[in-house]
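Let me begin by presenting the structure, written as structure tokens, before commenting on it.
Protein chains: 2
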Amino acid sequence: MHELKLTYFDVHGGRGEAARLAMRIADIPFEDVRFTFAEFGEVRKTTPLGQVPTLFVDGRQVTQCNAINRFVGKLAGLYPQDPVQALLCDEVMDALEDVGNKFVATFGMQGEALKAAREALVAGPITQYLKWTEALIGDRYFVGDSLTIVDLKVFVWTNGLNSGFFDHIPTSLVEDVAPKLAAHNRLIASLPAISAYYAG
Amino acid sequence: MHELKLTYFDVHGGRGEAARLAMRIADIPFEDVRFTFAEFGEVRKTTPLGQVPTLFVDGRQVTQCNAINRFVGKLAGLYPQDPVQALLCDEVMDALEDVGNKFVATFGMQGEALKAAREALVAGPITQYLKWTEALIGDRYFVGDSLTIVDLKVFVWTNGLNSGFFDHIPTSLVEDVAPKLAAHNRLIASLPAISAYYAG
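Going down the list, the sequences are from chains A and B. Using the numbering used here, read the first sequence as starting at 1 and increasing by one per residue. Using the numbering used here, read the second sequence as starting at 1001 and increasing by one per residue.
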């Protein structure tokens, strides 16, 4: 057993959420350190590269969300042991970082500039990545016939797009352009550990 | 044995090179498909998300270089089996993508704009990431006491910075700000399979 501490924003989403969900599903004890957006300016000074999430493993602080996701996924039994399945899991997780980076680049924009940037993302990369991701899903899950960390990462992504929290991202976008991903989102949300987490 | 085909630019560097080196070191047969920068406009239409490298595994085309690196690393015996060691390997590989993305953003710039952008990268993120990466290296290698895929990825990065190929990136930068990384570069370059590869 490792001593684990995850640091991330106090939100039900973003780059730290998949790791939180994985640990919750597998009942892995961890210290869940959360902070507000206003506090991030101070928090980032305590991180290796100015980014969150970070994971402390037995006191060593590690950065990079997908590195953390893979590690936590292994601890939780939610990462494929088969190398080809692991490759397909990693491919989607890393691609979501690419489209996520494009999205994060719009944070801080306002007014017409924000509207134009978000609409361009919806018309371009977000729709492109939604369709690409949807084409890789299996009957229910992404890899094999059971839940893995990539399902949680995709779920967090589609949750964010569906949420209405982000201006100029239509809440019907996922359903409209990638209905299998919308169904996947509902499936993951219905898992007892996930629904209990968000109900609590 | 998988049927493997790697597609990437015909250069001794960039996002496809670590996987090539790993397969060469381990004598893993693969089809090494290379193309020129001029050909990329056509090639990218045949890729999942407009990016290279891609790896065909038994006919299935996969994108995302670090996903490919991890997969090839496992095949080559160059990826840690221990989850904590794998985490540290992944952390560095993913961080190098972040600084690499900042670098790629300067491609296509010219003249004073290029100069200003590259100088800002040298003064800022590139030096920051060099120092951070250097602090994680062990006596010789990054993880444990043997070569892994992260060593190859870091080697390709420092090779690029040292090469003189990129305007406004001083060829002494790595030696000046991260001398242990410069020594690491020389160590990796001296490995028989690596030196034979570049001599050939």
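Just so you know, even glycine gets a beta-carbon here, dropped at the ideal spot from N, CA and C.
Host beta strand (DSSP E) of residue i (start-end)
i               : result
Y198 of chain A : From DSSP, Y198 of chain A is part of no beta strand (DSSP E) but of the alpha helix (DSSP H) over P192 to A199.
L6 of chain A   : L4 to F9
Beta-bridge partners of residue i, as assigned by DSSP
i                : result
Q1061 of chain B : B:F1056
L1121 of chain B : Partner(s): none; L1121 of chain B has no beta bridge.
F1040 of chain B : In DSSP, F1040 of chain B forms no bridge with anything.
Beta-carbon proximity of residue i to residue j, cut-off 7 Å
i                : j                : result
V1099 of chain B : Y1129 of chain B : yes
V1156 of chain B : E1017 of chain B : yes
A178 of chain A  : E134 of chain A  : yes
L1055 of chain B : L1006 of chain B : yes
N10 of chain A   : R34 of chain A   : Looking at the sequence provided, one finds Asp at residue 10 of chain A rather than Asn. Yes. Within cutoff.
P48 of chain A   : C65 of chain A   : no
R1207 of chain B : Y1141 of chain B : Absent from the structure is residue 1207 of chain B, since the part of chain B shown begins at 1001 and ends at 1200.
P80 of chain A   : K1074 of chain B : no
L187 of chain A  : T158 of chain A  : no
H168 of chain A  : K131 of chain A  : no
N1069 of chain B : A1019 of chain B : yes
Q1051 of chain B : T1036 of chain B : no
Straight-line Cα distance separating residue j from residue i
i                : j                : result
A95 of chain A   : D1090 of chain B : 15 Å
E31 of chain A   : K153 of chain A  : 20 Å
T1046 of chain B : F1071 of chain B : 21 Å
F1107 of chain B : N1101 of chain B : 10 Å
I126 of chain A  : P1170 of chain B : 37 Å
L161 of chain A  : G13 of chain A   : 10 Å
A1189 of chain B : E1175 of chain B : 15 Å
Q1061 of chain B : G144 of chain A  : 18 Å
V1057 of chain B : M1001 of chain B : 10 Å
G1124 of chain B : A67 of chain A   : 24 Å
P1192 of chain B : D1139 of chain B : 20 Å
Q85 of chain A   : L1088 of chain B : 21 Å
A201 of chain A  : Y8 of chain A    : In the structure displayed, chain A extends from 1 to 200; residue 201 of chain A sits before or after that span and is not available.
Q110 of chain A  : E42 of chain A   : 24 Å
V92 of chain A   : G1200 of chain B : 35 Å
A1117 of chain B : A1076 of chain B : 38 Å
L147 of chain A  : A105 of chain A  : 30 Å
R1015 of chain B : A1183 of chain B : 22 Å
S1255 of chain B : V122 of chain A  : Chain B is shown from 1001 up to 1200; residue 1255 of chain B falls before or after that span and cannot be answered.
F166 of chain A  : E1097 of chain B : 26 Å
A1113 of chain B : A38 of chain A   : 34 Å
I194 of chain A  : I1194 of chain B : 48 Å
F40 of chain A   : S1172 of chain B : 35 Å
L1136 of chain B : I137 of chain A  : 36 Å
I28 of chain A   : F103 of chain A  : 31 Å
G1059 of chain B : N1185 of chain B : 34 Å
Contact with chain A by residue i, beta-carbon distance below 7 Å
i                : result
D1027 of chain B : no
D1139 of chain B : no
F1142 of chain B : no
R1070 of chain B : yes
A1095 of chain B : yes
L1181 of chain B : no
P1083 of chain B : yes
L1087 of chain B : yes
Test: residue i CB closer than 7 Å to a CB of chain B
i               : result
D201 of chain A : Beyond the ends of chain A as shown, which are 1 and 200, falls residue 201 of chain A; an answer cannot be given.
D90 of chain A  : yes
Q64 of chain A  : yes
D151 of chain A : no
P53 of chain A  : no
A196 of chain A : no
A67 of chain A  : yes
K74 of chain A  : yes
L136 of chain A : no
Alpha helix (DSSP H) segment containing residue i, residue limits
i                : result
T133 of chain A  : T127 to L136
F155 of chain A  : I149 to N162
F35 of chain A   : That residue, F35 of chain A, is in no alpha helix (DSSP H); its beta strand (DSSP E) goes E31 to F35.
K102 of chain A  : P83 to V104
I28 of chain A   : First-last for I28 of chain A: undefined, no H or E at that position.
L1173 of chain B : L1173 to V1177
Contacts of residue i in chain E (Cβ-Cβ under 8 Å)
i               : result
R186 of chain A : Here the protein chains are A and B, and chain E is not one of them.
Heavy atom of the ligand GDP within 6 Å of residue i beta-carbon
i               : result
L173 of chain A : With respect to the ligand GDP, the structure shown offers nothing to examine, as it has no ligands at all.
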